[in-house]
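Taken in order, these protein sequences are the chains called A and B.
If you read the first sequence in this note's numbering, its first letter stands for residue 1, the second for the next number, and so on.
If you read the second sequence in this note's numbering, its first letter stands for residue 291, the second for the next number, and so on.
Glycine is no exception: its CB is placed at the ideal position from the N, C-alpha and C atoms.
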Amino acid sequence: MKSPLKNYFIFLALFGVFLSSTIFQNLYAQDAKKNKVRLKADYVKIMDEEVYFDLKASSKIDKKNIGVANIELIISSEVDDEEIKLGSVTTNMNGESRFVLKDFNTLKPDSTNTFNIAVSFKGNDKFKRASKSISFKDAVIEANLITKDSINYITAILKDKSTDSVIVGESLNVQVQRLFMPFKIGKEFNTTDENGRIIVPIEEEIPGVDGILTFEVVLSDSDDYGTVKDLVNAPIGTPIVDESTFDQRTMWSPRNKTPLFLLILPNLLTFGMWFIIIYLITKLFKIAKS
Amino acid sequence: MKASEKLIKDLAPRKFNKAGVIWTWTLVIISVLGIIAYIDQVIKGQVVTNMNDYALWGIYISNFVFFVATSFVGTVTVAVLRLTKNAWRTPIVRIAEIISLASIIMAGITIMIDMGRPDRLLYLFIHGRMQSPIIWDVIIIPTYIVISLLLLYFPLLPDLAILKKHFKKTKPKLSKWYGKLSFNWTGSVAQKAIQSKSIQIIAILTIPAGFMLQTIDAWLFSTLFRVGWDSTNMGAYFISGASVAGIGALVTVVYVIQKAYKLEDYITDYHYDKLGKLLALTCLIYLYFNINEYLLPQLTSKKEEITHTNVLFTGEYAPLFWLVTIGGLIVPIILLLFKKGRKPLPMFLIGLLVVVGSWWKRYLIVTPTLLHPFLPIQGVPESWHHYFPSLHEWTITIGTLAMALLIITILVRYLPVIPIQRTADEQALLETEENKKS
């Protein structure tokens with residue numbers, strides 16, 4: 001016969017193992033090393049449109065840089081040791097997010113006319129807290145289309161807005177907006193002259209929808225001014241002939257755009273055959289009656 | 291015994307003997323196993339099949355095409371022989387009508403088996419695009435089922451009335467059913483006129499419907515830009531192949547029924563000889579289209595076509611390809627050219643060869659093409675280049691074949707396999723002519 005005491009000790013031993021494993025699990029969880037988060041912030045200003053910050057959170061895990069998804073990033077403006085919260089965003093599955101500034105005037109510059117922005121992450125169970133600061137001055141680009149001797153040019157003046165002075169020696173990109181990648185025109189480097197100005201001739205016969213081209217003049221990723229962009233729409237392109245069959249009735253269209261012959265012929269055949277079938281079935285009943 | 295009484299006694303449906311009962315129960319068991327496997331497939335999903343990203347159509351579609359092809363027997367024998375006034379057709383047309391109906395019903399069921407979500411069947415009608423041959427198939431299959439049913443039913447009316455009378459005393463319940471199904475047939479002049487006209491209309495209707503069915507089936511393949519399918523030959527190729535499969539099946543079933551019901555007085559060597567010649571003709575036409583289908587790509591030597599034909603001629607599928615081509619087509623043609631080859635037993639064996647060859651032929655049409663797509667994907671697992679059906683697929687497919695045979699068996703059990711009234715009329719006509727001569 002088994003001793004009840006023995007069973008009691010076995011139960012206690014098993015319970016002890018279960019309890020200890022749970023405790024150790026928690027201890028281990030507390031000691032688990034959190035990963036570092038690296039934040040990246042880019043300031044982008046599109047003239048007369050919007051100002052935004054492109055943010056990216058990444059972490060090196062198992063020697064691989066991966067985007068940190070679903071974390072909240074807080075964006076603040078720093079003025080004289082004072083932080084003013086501008087808002088917050090959550091990263092997407094790639095660890096990226098965009099914070100669009102509703103009103104540029106909410107930003108206050110410091111004594112050197114520099115804007116200081118801080119991006120911070122509070123940290124969580126898996127990742128340590130992190131922050132990133134960026135500084136920039138407010139620059140403006142005034143781009144225009146001009147025509148001289150039947151040749152079209154894009155001219156642009158780059159200015160520091162706070163001092164209202166032109167910026168000399170900065171390189172601006174001139175490009176045409178395309179579906180996937182912009183199409184660069186002019187020289188590789190279009191450096192602003194002593195008047196803060198560039199002038200770039202436009203090639204002929206650049207195709208565009210309805211002949212409208214959207215030119216971008218871009219100060220790209222400047223240390224002092226970030227990215228600033230001005231857009232110019234001009235009807236000087238070669239109109240693209242739309243060869244899309246989207247609105248036509250084709251074999252590859254959805255069902256509401258079936259070619260008419262395919263609606264008429266098969267339906268005629270189907271209804272024709274079923275008409276005969278129904279006629280024959282009525283004949284069966286006629287046989288029964290006659 | 292009067293000649294008419296003997297005729298009814300010979301041709302009226304009768305109970306199966308022991309072998310018939312065993313045969314029926316075997317079919318029931320196989321069908322049930324197939325249904326169980328299908329239920330399991332619905333629960334677990336098509337992961338139970340060996341289909342993959344390349345072989346996205348497998349044995350189910352091959353089987354579907356085989357059933358569609360076999361159903362063509364109604365068009366090629368019943369309708370064509372009637373419209374061309376071939377009197378020798380009488381003892382075989384009913385069997386052809388039964389095979390045609392059973393095959394097209396099973397074709398409709400088999401295509402649903404291939405659907406990953408059969409509960410969405412209605413979507414085909416709600417969201418179907420008229421540009422797609424699949425929708426044409428969805429329309430033509432139910433249409434052909436009804437036409438095949440009418441093709442079987444109208445000529446049955448006088449026989450059902452005869453059976454009602456015949457079983458009145460011995461099997462009153464059965465007699466009552468025959469009476470209901472005979473639509474009060476009395477054989478009056480008015481009824482005969484309506485029936486005759488209706489059969490003529492169905493016979494004419496069956497031909498375009500049958501051709502449409504086979505052509506749509508072919509276009510399911512040829513409208514896809516794939517080697518082995520992308521061919522203008524496919525419509526005619528499928529129609530000729532369907533004639534072979536249908537007549538092959540007919541020959542086989544006719545022989546089994548003749549032996550089981552001892553119908554040697556009604557289905558004679560003369561009928562086998564005629565069927566043999568018809569089968570030889572259809573096999574020759576099919577061989578011609580096969581040459582078109584395989585020789586031209588070989589001659590034009592496009593890279594993808596060569597890859598495909600090499601797989602069939604000398605590669606992985608070569609044994610099956612040559613077995614199907616030689617065993618299922620060339621050997622039957624050679625044997626059928628000789629009078630001895632058109633005797634009952636050789637015809638039965640040839641019919642079997644042709645049917646088995648026809649089934650595997652559909653497998654060869656579907657599978658190798660899928661394994662060699664025009665646009666190969668990078669890093670494709672080696673397993674995607676090969677396909678062999680899983681146990682589920684085999685069980686379900688064999689189950690559907692058993693179900694088709696079960697439908698034929700049940701119809702053979704309860705319907706006269708040779709038209710009684712028509713045979714009596716022909717015999718009476720023959721006697722009158724002989725009397726006139728004497």
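Given that a residue counts as buried once 16 or more other Cβ atoms are within 10 Å of its Cβ, and exposed if not, what is LEU27(A)? Below a pLDDT of 50, predicted positions are generally treated as unreliable, and LEU27(A), at 49, falls in that range; the measurement from the model is reported next regardless. LEU27(A) comes out exposed.
Please name the residue in LEU371(B), THR360(B), ASP409(B) and PRO381(B) whose C-alpha comes closest to that of SER390(B). THR360(B)
So, do the segment 312-322 of chain B and the segment 619-626 of chain B have three or more beta carbon pairs nearer to each other than 8 angstroms? no
Hey, how far is the Cα of ASN582(B) from the Cα of LYS487(B)? 40 angstroms
Among the candidates PRO634(B), THR513(B), LYS466(B) and GLY348(B), whose CA atom is the shortest distance from the CA of LEU565(B)? PRO634(B)
Any Cβ of chain A within less than 7 angstroms of the Cβ of ALA397(B)? no
Taking CB distances under 7 angstroms as the criterion, tell me whether ALA480(B) reaches chain A. yes
Compare the beta carbon distance of ASN173(A) and SER220(A) with 7 angstroms and say whether it is the shorter of the two. yes
Quick check on ALA288(A) - is its C-beta less than 7 angstroms from some C-beta in chain B? yes
Quick check on ILE277(A) - is its C-beta less than 7 angstroms from some C-beta in chain B? yes
Could you check if GLU50(A) is buried or exposed, using at least 16 other CB atoms within 10 Å of its CB as the buried criterion? exposed
Does DSSP put ILE710(B) in a helix, a strand or coil? helix
Listed in chain order, which residues of the segment 465-480 of chain B have Cβ atoms closer than 8 angstroms to some Cβ of chain A? PHE473, ASN474, TRP475, SER478 and ALA480
Proximal residues of chain E, C-beta to C-beta of LEU268(A) below 8 angstroms: Structure shown: chain E not included; protein chains present are A and B.
Contact list for the segment 498-510 of chain B against chain A, Cβ threshold 7 angstroms: ALA499
I think SER97(A) touches LEU73(A), with their Cβ atoms under 8 angstroms apart; what is that distance to the nearest whole Å? 6 angstroms
Which residues, in chain order, does the segment 513-526 of chain B contribute to contact with chain A at a C-beta distance below 8 angstroms? none
Would you call the CB atoms of ILE240(A) and VAL209(A) closer than 7 angstroms? yes
Three or more beta-carbon pairs under 8 angstroms between the segment 594-607 of chain B and the segment 531-541 of chain B, yes or no? no
Distance between ASN70(A) and LYS34(A) (C-alpha atoms, nearest Å): 16 angstroms
Kindly examine the ligand ZN and report whether one of its heavy atoms sits closer than 6 angstroms to the Cβ of ARG98(A). Only the bare structure without any ligand can be found here, which leaves the ligand ZN out of the picture.
Contact set between SER488(B) and chain A, taken where Cβ atoms lie within less than 7 angstroms: LEU280 and LYS283
What does the Cβ neighbour count give for GLN490(B), buried or exposed, with the cut at 16 atoms within 10 Å? exposed
What do you reckon, are the CB atoms on MET502(B) and PHE511(B) nearer than 7 angstroms? no
To which residues of the same chain is GLY617(B) closer than 7 angstroms at the C-beta, ignoring the five residues directly before and after it? LEU643 and GLY647
Taking only beta-carbon positions, decide if PRO423(B) is within less than 7 angstroms of chain A. no
Going along chain A, which residues have a C-beta under 8 angstroms from ILE429(B)? PRO266 and THR270
Chain A beta carbons: is any one of them nearer than 7 angstroms to that of LEU446(B)? no
Quick one: list the residues of chain A neighbouring HIS662(B), beta-carbon separation under 8 angstroms, in chain order. Per Cβ cutoff of 8 angstroms: no residues; HIS662(B) is ~24 angstroms from chain A at best.
Tell me the DSSP secondary structure of LEU27(A) in three-state form. With a pLDDT of only 49 at LEU27(A), under the threshold of 50, the placement of this residue in the model should not be trusted, and no figure is reported.
Looking at the unbroken beta strand (DSSP E) that takes in PRO201(A), where does it start and where does it end? 197-201
What separation, rounded to the nearest whole angstrom, lies between the Cα atoms of PRO432(B) and ALA499(B)? 11 angstroms
Relative to the alpha-carbon of LEU284(A), which residue among GLU594(B), LEU440(B), THR460(B) and LEU705(B) has its alpha-carbon at the smallest distance? LEU440(B)
Is GLN175(A) helix, strand or coil by DSSP? strand
Please tell me whether THR106(A) has its Cβ less than 7 angstroms away from any Cβ of chain B. no
Mind checking if LEU263(A) is an interface residue toward chain B, Cβ cutoff 7 angstroms exclusive? yes
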